[in-house]
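Number of protein chains: 2
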Amino acid sequence: MKPVSTDHVTAFRHFNRYFTRRIGALDDHYLGQDRPLGEARLLFEIGDGVSLRELRSRLGLDAGYLSRMARALEAQGMVRVGVPPHDSRLRIVELTPAGRLEVQEQNRRADALVSGLLDGLTPGQRAELTGALATARRLLRLAGIAVEVVDGASADARACLDAYAADIDTRFPEGFDKSDLVGPEEVTGEAGAFLVAYEEGRPVGCGALRRLETGTGEIRHVWVHPDARRLGLARRLLDGLERAARERALDVVRLDTHRTLTEAQAMYRACGYTEIPAYVDHVYAHHWFEKRLGPLPEPGPE
Amino acid sequence: MKPVSTDHVTAFRHFNRYFTRRIGALDDHYLGQDRPLGEARLLFEIGDGVSLRELRSRLGLDAGYLSRMARALEAQGMVRVGVPPHDSRLRIVELTPAGRLEVQEQNRRADALVSGLLDGLTPGQRAELTGALATARRLLRLAGIAVEVVDGASADARACLDAYAADIDTRFPEGFDKSDLVGPEEVTGEAGAFLVAYEEGRPVGCGALRRLETGTGEIRHVWVHPDARRLGLARRLLDGLERAARERALDVVRLDTHRTLTEAQAMYRACGYTEIPAYVDHVYAHHWFEKRLGPLPEPGPE
DNA sequence: ATGTCTATTTGACTTTAGTCAAAGAATCTC
DNA sequence: GAGATTCTTTGACTAAAGTCAAATAGACAT
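In order, the protein sequences belong to chains A and B. Per this note's numbering: the first sequence = residues 8 to 309. Per this note's numbering: the second sequence = residues 8 to 309.
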């Protein structure tokens, strides 16, 4: 990785300071108008039936603290606390109509506040701001996603492959048969690699590399969760797989794609892959690509 | 003002939620690692000798609360509290070497954190993020600036005119004589108007409208504080002055500019002003502009 | 069935953050 | 020089936020 220039760091910190001071502070104020901030935040996070366990990990709260707050909200008639049938250690909290009303009111206030803020801008400036914020969010999300090499047999790897299979099963007209997925032994150690992308602890993408008989690498199952698309994550996964190939002394990687996956084909081309004749016969393959990996993993400035 | 589309509002709130959760929370954590957040923030705000009064207004704290925190920091050897010679009711706090060290350490940590965050992006993506954040900040600042009609004799108006005079005195090769400024009576009531732009309570720009003998309006002294330039504030001031002209049944406005102020000339052209022959003889004038004001102040989408 | 683990609850705390009012000291206004 | 005003300090509070540990109850593995 290139070192981060101090200019970018200070620019980021300036924005951060400005934003939290101007907007964040404002935010806390409208939320905590009638009740303690902790309770208000909690109420806000309870959509339709969340377990305390989930809330605890999401908000990073102490178990005792959370328990008491939930009970306090229950006493105020804002939430109902119930026991889920499958595991009676857990507690499910859900909003009562009164609670729902209060959340709506919070939302209304927050909307009014933002609306007042944007009011001073022309429609063109509003659109520009929205665009800039969308770009910033996209890049911040991407920056927060870590791509890791995991065991191909791990729960996260299998979960990703299952999601991948279900996903393309709906996209391929002929459906998709899970027996086509790589086995754990093909993507472990010297044989290959399995990458999983994590966003805030949740797996949101994967990719596999395996060694072909010909001594070249094959990339398979590059997949990104629908929530994490259009961030540039597939490229990151691809980069990681190419790195893994280099580490295993494979200086050529190949892959095939289905004709329906046109975005994927465009991405492979953009990443330096060139279309080649069929190198293997494969049920779901209609296009074949290859990339010769340079010796130095030093990309120029983008 | 056009109503704010709900799309912009929800987009803004999404960003806000994401950003405060991911970045803001993180922020509080590194700051408050060794000491309470309040104290850490305070320490951070004390640059080189600030009065408690200043801190109180800047951070919006209770006088008693602040006094105690300052004394606590003093007891810890982080700051020195002194009495300024000119007013012994006030207290000046400044960092001791130990305090300075701690602030540096805070900064180092924050930088490292941001650096780690940006580390996952390519140089191109980092630049894109920095650009998006700069755009967002610029527009947020602009949105937070309120342009108000004030009395031409008010302290804020005079302060702006003084700053304006000092500013152009350095830019005009021949200097600038303050007797050329409009008098309060020229820009009050039906005669004219004086606008001041406020950012978080501080005046950061101004503009004057006065009535010419010919029954047209004249715009003068459009000025923006150096800290608030490149936000698009001059256009806002100009808009406000044109509105004021329309309200006074002046459907033509004129203005003159000095040859050195080329950005200003470009802006007038971009705002629909056309260059005309000299309508008046004036020491500092080299270019004259005019704009015919349409009956409806309804700008198309930008 | 026994032990281990997980999720919540409860009790007993502490710290932080903040408010309000009164008092003291200095400055400013007339 | 009297009175109003400004800034800080101090005392006496309160509420919110959070911590820690022990207890309880259910789930899960062997």
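The C-beta atom is built at its ideal place from N, Cα and C for all residues, glycine as well. Since the structure is predicted, the reported quantities are computational estimates derived from the model, not experimental observations.
{"Item": "Taking just the CA atoms, how far does E112(B) sit from L188(B)?", "Value": "49 angstroms"}
{"Item": "Assign G106(B) to one of two classes, buried (16 or more other C-beta atoms within 10 Å of its C-beta) or exposed (fewer than that).", "Value": "buried"}
{"Item": "On the DSSP bridge assignment, give the partners of Y205(B) in chain order.", "Value": "A153(B), P210(B)"}
{"Item": "With a threshold of 8 angstroms between beta-carbons, can L64(B) be considered close to chain A, or not?", "Value": "Contrary to the premise, residue 64(B) reads as Ser rather than Leu in this sequence. It does not: the Cβ of S64(B) has no partner Cβ on chain A nearer than 8 angstroms."}
{"Item": "Check whether the Cβ atoms of A164(A) and V203(A) lie closer than 8 angstroms to each other.", "Value": "yes"}
{"Item": "For a quick check, are the C-beta atoms of Y205(B) and A153(B) less than 8 angstroms apart?", "Value": "yes"}
{"Item": "On the DSSP bridge list, what partners appear for F3(A)?", "Value": "The structure shown does not extend to residue 3(A), since chain A is modelled only from 8 to 309, so the question has no answer here."}
{"Item": "Which two residues bound the contiguous alpha helix (DSSP H) that contains R116(A)?", "Value": "104-125"}
{"Item": "Does any CB atom of chain A fall closer than 8 angstroms to the CB of Q132(B)?", "Value": "yes"}
{"Item": "On the DSSP bridge assignment, give the partners of I226(A) in chain order.", "Value": "L216(A)"}
{"Item": "Mapping DSSP to helix, strand and coil, what is R236(B)?", "Value": "coil"}
{"Item": "Applying the 10 Å Cβ sphere with the 16-neighbour rule, what's the burial state of F19(B)?", "Value": "buried"}
{"Item": "For D55(A), return the contacting residues in chain B, with the cut-off set at a CB-CB distance below 7 angstroms.", "Value": "Those do not exist, as D55(A) stays about 18 angstroms from chain B at its closest Cβ, beyond 7 angstroms."}
{"Item": "Does R65(A) come out as helix, strand or coil in the three-state DSSP assignment?", "Value": "helix"}
{"Item": "Would you list, in chain order, the members of the region 13-27 of chain A that have their beta-carbon closer than 7 angstroms to a beta-carbon of chain B?", "Value": "H15, V16, A18, F19, R20, F22, N23, Y25, F26, T27"}
{"Item": "Measure from the C-beta of G214(B) to each C-beta in chain A and report whether the shortest distance is under 8 angstroms.", "Value": "no"}
{"Item": "Find the residues of chain A that neighbour T137(B), judging by a C-beta separation of less than 8 angstroms, and give them in chain order.", "Value": "D14, H15, A18, F19"}
{"Item": "Excluding the five sequence neighbours on either side, which residues of its own chain have a C-beta within less than 7 angstroms of the C-beta of A252(A), listed in chain order?", "Value": "L216, G224, V260, L300"}
{"Item": "Determine the closest residue to L238(B) out of A141(B), L268(B), G222(B), with distance taken between C-alpha atoms.", "Value": "A141(B)"}
{"Item": "Are the C-beta atoms of H29(B) and some chain A residue less than 8 angstroms apart?", "Value": "Checking the sequence shown, residue 29(B) turns out to be Arg, not His. Chain A contact via Cβ: present."}
{"Item": "Below 7 angstroms CB to CB, which residues in the same chain sit around D184(A) once its five sequence neighbours on both sides are set aside?", "Value": "none"}
{"Item": "Flag this pair as touching only if the region 274-286 of chain A and the region 74-92 of chain A have three or more C-beta atom pairs under 8 angstroms; answer yes or no.", "Value": "no"}
{"Item": "By the criterion of Cβ-Cβ separation under 8 angstroms, what are the contact partners of A141(B) in chain A?", "Value": "A18, F22"}
{"Item": "Does the pairing of the region 162-181 of chain B with the region 127-141 of chain B give three or more beta-carbon distances under 8 angstroms?", "Value": "no"}
{"Item": "Of all the CB atoms in chain B, is at least one closer than 8 angstroms to the CB of V11(A)?", "Value": "yes"}
{"Item": "Would you mind working out which of E81(B), H93(B), E109(B), E46(B) sits nearest V100(B), comparing C-alpha positions?", "Value": "E81(B)"}
{"Item": "Mind checking which residues open and close the beta strand (DSSP E) that includes G89(B)?", "Value": "86-89"}
{"Item": "Report the rounded CA-to-CA distance for A170(A) versus E46(A), giving the unit in angstroms.", "Value": "36 angstroms"}
{"Item": "Ordered along the chain, which non-local residues of its own chain (more than five positions away) have a Cβ less than 7 angstroms from that of E249(A)?", "Value": "V260, L300"}
{"Item": "Identify the contact partners of V121(B) in chain A, using a Cβ-Cβ distance below 7 angstroms as the criterion.", "Value": "V16, F19, R20"}
{"Item": "Look at the alpha carbon of Y275(B) and the alpha carbon of C213(B), and state the distance between them as a whole number of angstroms.", "Value": "16 angstroms"}
{"Item": "Below 7 angstroms on C-beta distance, what does T150(B) contact in chain A?", "Value": "Inspection of the sequence shows that residue 150(B) is occupied by Ala rather than by Thr. Going along chain A in sequence order, the residues near A150(B) (Cβ under 7 angstroms) are L124, L125, G127, L128."}
{"Item": "Between the alpha carbons of R148(A) and L125(B), how many angstroms are there, rounded?", "Value": "11 angstroms"}
{"Item": "Rounding to the nearest angstrom, what Cα-Cα distance links H293(B) and R266(B) in this structure?", "Value": "5 angstroms"}
{"Item": "Just how far apart, CA to CA, sit R42(A) and Q83(A)?", "Value": "11 angstroms"}
{"Item": "Compare the C-alpha of G247(B) against each of V229(B), G31(B), D263(B) and name the closest.", "Value": "V229(B)"}
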